[in-house]
């Protein structure tokens, strides 16, 4: 799925220098040297040399001089360099910073966000809730409400997600993502109308954000508004015939309507355009599973998970039960199960 944006964007130089002031050192001389090191690393990061900035800190600040400030900024640079490849490393950095400074707001905030990126929603909520307790509106790094709303949404706590997302909108009224999420949340609570309303508002605010129509179309399918979804995807294909995500979702709709081979053809089309698309891999896994080709289904299961959890060791399912358990809470898998059972029952009733 599309990546959820967790935090409010703030000027990076402002964030750095304001946070630099709140960490204290052991002596004035040592503090001057450490600040010079951090300022040099910051300049590297400002130039886009995030990996070099992290390595510079490693070379200049050795144990036992590595304090909470070191681990925090080392983690920040690793995250900016590659939030997927480096996720385990910067999670470890933020964990260490938290051990040293458990009541430092920015540390708790980044730790909660890092857990979200590892799909550990339980810990993400735990630390983002603590970040809410520590937050005040003078913080230069932004607020925790957007990330917390996203995590609540992922676990089905829609009322909490709505309340927290409202706080995010109050503090960041120009952030289109929060309005898009408001529509998604309200679609779970009230249905189609608010989904449409806040999708349109988000698109008006940020017409170039391609993730908004992806979320919207996918939610229409989950809610079984297939004809609206088809019209939505076709409108994008009319503008861009290589919009692979449209072919993938249209392929799913074909399958859920009983046209498995028509769906597979569209999934093949999507895969020919982008070979590592998350949704395409998931839908392909479903297609092979429902056709009894478990080995191929497991291959796509691995591809699907790797597209979300790059550079993580992912094992093939050892059984069909493991495959089914993994997707058990996935609404689109549940819908295919239900429709496939109907299709099989209909075929039995018409057989001689």
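In this note's numbering, the protein residues as written are 20 to 371.
For every residue, glycine included, the Cβ atom is placed at its ideal position computed from N, Cα and C.
Would you mind working out which of the options sits nearest residue i, comparing C-alpha positions?
i, options, result
"residue 111", "367, 60, 127 and 94", "94"
"residue 139", "174, 157, 118 and 163", "174"
"residue 256", "292, 242 and 171", "292"
"residue 116", "316, 102, 183 and 133", "133"
"residue 362", "302, 340, 277 and 311", "277"
"residue 199", "355, 176, 179 and 165", "165"
"residue 357", "120, 324, 341 and 309", "309"
"residue 155", "171, 125, 180 and 176", "125"
"residue 227", "315, 195 and 324", "195"
"residue 317", "301, 332, 327 and 80", "301"
"residue 136", "338, 120 and 326", "326"
"residue 197", "314, 208, 84 and 231", "231"
"residue 229", "263, 104, 240 and 245", "263"
"residue 161", "172, 67 and 147", "147"
"residue 337", "188, 320, 187 and 348", "320"
"residue 343", "305, 322 and 333", "305"
"residue 56", "83, 272 and 92", "92"
"residue 351", "272, 334 and 121", "272"
Checking 9 Å against the spacing of the C-beta atoms, do residue i and residue j come in under that value?
i, j, result
"residue 299", "residue 307", "no"
"residue 167", "residue 144", "yes"
"residue 150", "residue 163", "yes"
"residue 288", "residue 270", "yes"
"residue 153", "residue 127", "yes"
"residue 178", "residue 203", "no"
"residue 108", "residue 64", "no"
"residue 53", "residue 80", "yes"
"residue 245", "residue 275", "yes"
Report the rounded CA-to-CA distance for residue i versus residue j, giving the unit in angstroms.
i, j, result
"residue 21", "residue 49", "Interpretation of residue 21 is limited by its pLDDT of 45, a score under 50 that renders its predicted location unreliable; no figure is taken from the coordinates."
"residue 75", "residue 86", "15 Å"
"residue 286", "residue 210", "28 Å"
"residue 253", "residue 72", "45 Å"
"residue 190", "residue 201", "14 Å"
"residue 206", "residue 213", "6 Å"
"residue 238", "residue 353", "14 Å"
"residue 43", "residue 260", "Any answer about residue 43 is weak, because its pLDDT of 48 lies below 50 and its placement is not dependable; what the coordinates show is given next. Cα to Cα, the separation comes out at about 56 Å."
"residue 220", "residue 279", "35 Å"
"residue 70", "residue 89", "15 Å"
"residue 215", "residue 225", "15 Å"
"residue 265", "residue 294", "14 Å"
"residue 247", "residue 268", "12 Å"
"residue 241", "residue 251", "14 Å"
"residue 169", "residue 235", "15 Å"
"residue 104", "residue 331", "9 Å"
"residue 311", "residue 339", "10 Å"
"residue 217", "residue 223", "10 Å"
"residue 324", "residue 60", "34 Å"
"residue 45", "residue 68", "Confidence at residue 45 is low in this model, with a pLDDT of 46, below 50, so the placement of that residue should be treated as unreliable; the coordinate-derived value is given next. Spanning the two alpha carbons is a distance of roughly 29 Å."
"residue 192", "residue 184", "11 Å"
"residue 176", "residue 141", "12 Å"
Return helix, strand or coil for residue i, following the three-state DSSP convention.
i, result
"residue 351", "helix"
"residue 120", "coil"
"residue 79", "helix"
"residue 15", "Given a span of 20 to 371 for the chain in the structure shown, any question on residue 15 remains unanswerable."
"residue 154", "coil"
"residue 94", "helix"
"residue 332", "coil"
"residue 43", "Residue confidence for residue 43 is low, a pLDDT of 48 falling below 50, so the modelled location carries little weight; the figure read from the coordinates is stated next. Residue 43: coil per DSSP, three-state reduction."
"residue 143", "helix"
"residue 3", "Outside the modelled stretch of the chain, which goes from 20 to 371, sits residue 3, for which no answer is possible."
"residue 299", "helix"
"residue 85", "coil"
"residue 172", "helix"
"residue 24", "Note that residue 24 has pLDDT 47, beneath the 50 cutoff, so the model's placement of it is unreliable and no number is given."
"residue 251", "helix"
"residue 114", "helix"
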